[in-house]
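Residue numbers (the working numbering), protein chains in the order written: chain A, 1341 to 1455; chain B, 272 to 383.
Positions of the beta carbon are idealized from the N, C-alpha and C atoms, including for glycine.
Written below as structure tokens is the structure these notes are about.
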Amino acid sequence: GAGVSQSPSNKVTEKGKDVELRCDPISGHTALYWYRQSLGQGLEFLIYFQGNSAPDKSGLPSDRFSAERTGGSVSTLTIQRTQQEDSAVYLCASSQRGGRTGELFFGEGSRLTVL
Amino acid sequence: EDKVVQSPLSLVVHEGDTVTLNCSYEVTNFRSLLWYKQEKKAPTFLFMLTSSGIEKKSGRLSSILDKKELFSILNITATQTGDSAVYLCAVEGGGGADGLTFGKGTHLIIQP
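Following this line, the structure appears as structure tokens:
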């Protein structure tokens, strides 16, 4: 597609429920990143996928968070048993540079509100 | 652990003023520093800096990197209300987690 596409744009859920956030990167971009942005904060790195390599999960805040990338394209970020502190905007970005970042192209984000 | 500190955290100026935003960093095996503009949701890329002392310029925006003192500045001249946004600085290092390390951003408000 023309840009990075994320869905849903907004999600309101109850504490304890599971949520799935989807990211469709720019076609041909091999690198895909998930970031989290809480109110008034910078972007917090969560996870990085590069091609078929094992993802770098070092930024995931707890084992309730997981992500997968199928076929080297679409990625899904799953948060299990959501907590109120999970409320944030989850941003996905892709890059065409292999191995490292350089310029990232961001999606519009998914705003998650946990009640 | 890589670290990025931006200042000021917020800034309010009048249209036409010139502003300077600061970004200092600590990073293992520095590769690049990037500036992004975030107006509502998606940050958009402004500059990528890898070498000291070479100014990058785009219209009224310019940026420069000092790898000895570990900082970068973003200048905006003749500011306009459309420049109002959060400006994010990020660094890319060779150690630790992949991905950029972002600062908290500078929230810039341009008053007419």
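Distance from the CA of residue 1399 of chain A to the CA of residue 382 of chain B, rounded to the nearest whole angstrom, comes to 38 Å. In this structure, the CA atom of residue 1392 of chain A is about 43 Å from the CA atom of residue 290 of chain B. When DSSP states are grouped into helix, strand and coil, residue 1423 of chain A belongs to the coil group. Residue contact with chain A for residue 375 of chain B: present (Cβ-Cβ distance below 7 Å to some residue of chain A).
In this structure, DSSP gives residue 376 of chain B a state outside helix and strand, which the three-state scheme calls coil. Here the stretch 1380-1395 of chain A does not lie against the stretch 294-301 of chain B, with fewer than 3 beta-carbon pairs under 8 Å apart. Using a 10 angstroms sphere on the CB of residue 1390 of chain A, the tally of other CB atoms reaches 16 or more, which defines it as buried. The closest CA to that of residue 1403 of chain A, considering only A/1415, A/1412, A/1388 and A/1422, is found on A/1422. Residue 1454 of chain A sits buried, since 16 or more C-beta atoms from the chains shown fall within 10 Å of its C-beta.
In the DSSP annotation of this structure, the continuous segment of the beta strand (DSSP E) that includes residue 285 of chain B starts and ends at 281-285.
Counting along the chain, the unbroken beta strand (DSSP E) around residue 356 of chain B starts and ends at 356-364.
Looking at A/1377, A/1368 and A/1426, the one whose alpha-carbon comes closest to that of residue 1359 of chain A is A/1426.
Comparing alpha-carbon positions, the option among A/1353, A/1430 and A/1435 lying closest to residue 1449 of chain A turns out to be A/1430. Any Cβ of chain B closer than 7 Å to the Cβ of residue 1417 of chain A would place that residue at the interface, and such an atom is absent.
At least 7 Å separates the beta-carbon of residue 320 of chain B from that of residue 377 of chain B.
Counting along the chain, residue 331 of chain B sits inside no beta strand (DSSP E), nor does DSSP assign it H or E at all. For the stretch 274-305 of chain B, the residues whose beta carbon sits under 9 Å from a beta carbon of chain A are, in order, 275, 277, 280, 302, 303 and 305.
Here DSSP, grouped into helix, strand and coil, assigns residue 1353 of chain A to strand. Counting only the Cα atoms, residue 334 of chain B lies some 30 Å from residue 1368 of chain A. When Cβ-Cβ separations below 7 Å define contact, residue 1408 of chain A makes no contact with chain B. For residue 1451 of chain A, the uninterrupted beta strand (DSSP E) run begins and ends at 1450-1454, by DSSP.
Against residue 1381 of chain A, the close residues of chain B are 375, in the order they occur along the chain (beta-carbon pairs closer than 7 Å).
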